[in-house]
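Undergrad: Numbers in the numbering used here are just positions in the sequence shown, counted from 1, shifted up by 171.
Glycine is no exception: its CB is placed at the ideal position from the N, C-alpha and C atoms.
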Amino acid sequence: MFDKLQEYYDIEFQIRNTSLTRESPYCTGKFRAKDGLEHIIRVLKETNHFDYQIDYESKKIIIL
172 MFDKLQEYYD IEFQIRNTSL TRESPYCTGK FRAKDGLEHI IRVLKETNHF
222 DYQIDYESKK IIIL
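(1) With distance defined between alpha-carbon atoms, name the residue in Asp-181, Ile-211 and Glu-217 nearest to Tyr-227.
(2) Assuming the contact rule is C-beta atoms closer than 8 angstroms, Lys-216 and Tyr-223 should be a hit. Round their C-beta distance to whole Å, please.
(3) In terms of alpha-carbon separation, which member of Leu-176, Ser-190 and Ile-186 lies closest to Leu-200?
(4) I'd like to know whether the C-beta atoms of Phe-221 and Leu-235 end up nearer to each other than 8 angstroms.
(5) Sort out for me which residues DSSP pairs Tyr-227 with in a bridge.
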């Protein structure tokens, strides 16, 4: 899922949370592009239980 977001929003994801590095066939859903990346990340955070940091200067999101 992060690969697709990375391509669409032209931002790099660094996944430090090892429980999220495995592909999960049960992770499905749709978002509207107009909702924005931060909204998508907040929803994913609540459903997948991770924290994150956004560095706008380097265009990077770190998943903790």
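TA: With the given structure in hand:
(1) Asp-181
(2) 6 angstroms
(3) Residue identity check: residue 200 is Gly in the sequence provided, not Leu. That would be Leu-176, whose Cα lies nearest to the Cα of Gly-200.
(4) Yes, the pair counts as a contact, with Cβ atoms nearer than the cut-off.
(5) Partner(s): none; Tyr-227 has no beta bridge.
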